[in-house]
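If you count the sequence shown from 1, position 186 lands on 177 in our numbering, and the numbers rise without skipping. Reviewing the structure listed below.
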Amino acid sequence: MHPGATLRLLRVDAGLSLRDLARRIGVSSAYLSRVENGLDAVPTPERLTAIARELDVPPLLLMDIAQRVGPLVVTYLEQEPSAGSLFLDIARRRLTGAQLARLREILDAEFPVRAAVREEPAPALAPLLAPERMVLQLTCAALDDALDVAAGRLAPACPGLGAAQVAAALKRREEEASSTVGSGVMVPHAFVAELPPLAALVTLAEPLRAETPDGMPLRLLLVLIGGEHGRQRLLRLAHMARLASRGLAERLLDAQHPQQVFERLVELEALR
């Protein structure tokens, strides 16, 4: 995974220049550039919190993507050291995603989170998909071919737009900054006015040797279009990057049917 690529993705979509964001969080633009390009370590939880505040996304979402332990967890473990043994017990039992989701349901029912520490959940990806917008085990030679296929699946749900126009919009956004986030995942997206958010999903039979931030070849495209602006779109993109960081591409590589994709995606999203 390459958290810096996700930070760049969110910054560009938020309309902030490298210099603007660096100034707002009190660092140099050279430092922030090195982070985005993977040349410096992932920022500290405190700095990630500052970045999240400027992007208007939940800090825990960025912590998840960066696989950092936030101040809330650190403080709690200091106050309740025995909680650490519970985390270790969960690891020993090697609970699956579905089992962890069941455990979370029990916690929510028995020990609801206080409003003061509850964070707004990122919007789920699964409801935006449909079987006709999934292409599994696609064989193609170039990224543009994969984008054209995804656009063809999205176009019927875009009144007044053809597949070529949808593809052109996706490619224009890619020219601004790459939407590859690492772990074999790319999140191409485009603004289409007055259209509710829609997603397409493409898995690749053979990985594409496109340039990626972590050097891992592309295996999965999560394509998003719609008329959302600002915070809601950033939340969706950040959540998609979080799914990538949790191994979504690996989980879907052998999926043969859309129903398998839905089941695995829903299981992973239940861990939010």
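For glycine and all other residues, C-beta sits at the position ideal for the given N, C-alpha and C.
{"query": "Best match in Ala184, Val140, Arg(-1) for proximity to glycine 151 [C-alpha to C-alpha]", "result": "Ala184"}
{"query": "Close beta carbons around aspartate 205, own chain, < 6 Å, minus the five adjacent residues each side", "result": "His(-7), Gly173"}
{"query": "Range of the contiguous alpha helix (DSSP H) that encloses arginine -1", "result": "-6 to 4"}
{"query": "Nearest neighbour of arginine 210, chosen from Asp139, Ala196, His248, Thr35 [CA to CA]", "result": "Ala196"}
{"query": "Histidine 180 and leucine 138 closer than 8 Å at C-beta", "result": "no"}
{"query": "Three-way DSSP call (helix, strand, coil) for proline 118 in this model", "result": "helix"}
{"query": "Limits of the unbroken alpha helix (DSSP H) element including proline 249", "result": "249 to 260"}
{"query": "Sheet register partners of glycine 221 (DSSP bridge)", "result": "BP columns for glycine 221 are empty, so no partner."}
{"query": "Leucine 86 versus alanine 159 - alpha carbon distance", "result": "43 Å"}
{"query": "Unbroken alpha helix (DSSP H) run spanning methionine 207, endpoints", "result": "Looking at the DSSP string, methionine 207 is not in any alpha helix (DSSP H), and its letter there is neither H nor E."}
{"query": "C-alpha distance - alanine 132 paired with leucine 243, whole-angstrom precision", "result": "20 Å"}
{"query": "Under the three-state DSSP convention, the category leucine 228 falls into", "result": "helix"}
{"query": "Distance, threonine 40 Cα to arginine 265 Cα", "result": "Nothing can be reported for residue 265: it is not among the residues displayed for the chain, which extend from -8 to 263."}
{"query": "Span separating the alpha-carbon of methionine 54 from that of alanine 232", "result": "12 Å"}
{"query": "Where leucine 152 sits in the DSSP three-state scheme", "result": "coil"}
{"query": "Residue range of the unbroken beta strand (DSSP E) whose run includes proline 49", "result": "Here proline 49 belongs to no beta strand (DSSP E), and DSSP marks it neither H nor E."}
{"query": "Stretch pair the stretch 251 to 258 + the stretch 11 to 29: three plus CB contacts closer than 8 Å", "result": "no"}
{"query": "Three-state secondary structure assigned by DSSP to leucine 127", "result": "strand"}
{"query": "Span of the beta strand (DSSP E) around glutamate 193", "result": "It should be pointed out that residue 193 corresponds to valine in this sequence rather than to glutamate. Valine 193 -> beta strand (DSSP E) spans 189 to 199."}
{"query": "CA-to-CA distance, alanine 235 to glycine 175, given in whole angstroms", "result": "8 Å"}
{"query": "Extent of the continuous alpha helix (DSSP H) run through glycine 173", "result": "It is not in any alpha helix (DSSP H) - glycine 173 instead sits in the beta strand (DSSP E) that spans 171 to 173."}
{"query": "Inter-residue spacing [alpha-carbon to alpha-carbon] between leucine 127 and alanine 155", "result": "21 Å"}
{"query": "Short CB-CB distance (under 8 Å) between glutamine 156 and chain D", "result": "In the structure shown, chain D does not exist; there is a single protein chain."}
{"query": "Three-state class that DSSP yields for leucine 215 in the structure shown", "result": "strand"}
{"query": "Collapsed DSSP secondary structure at valine 140 in the structure displayed", "result": "helix"}
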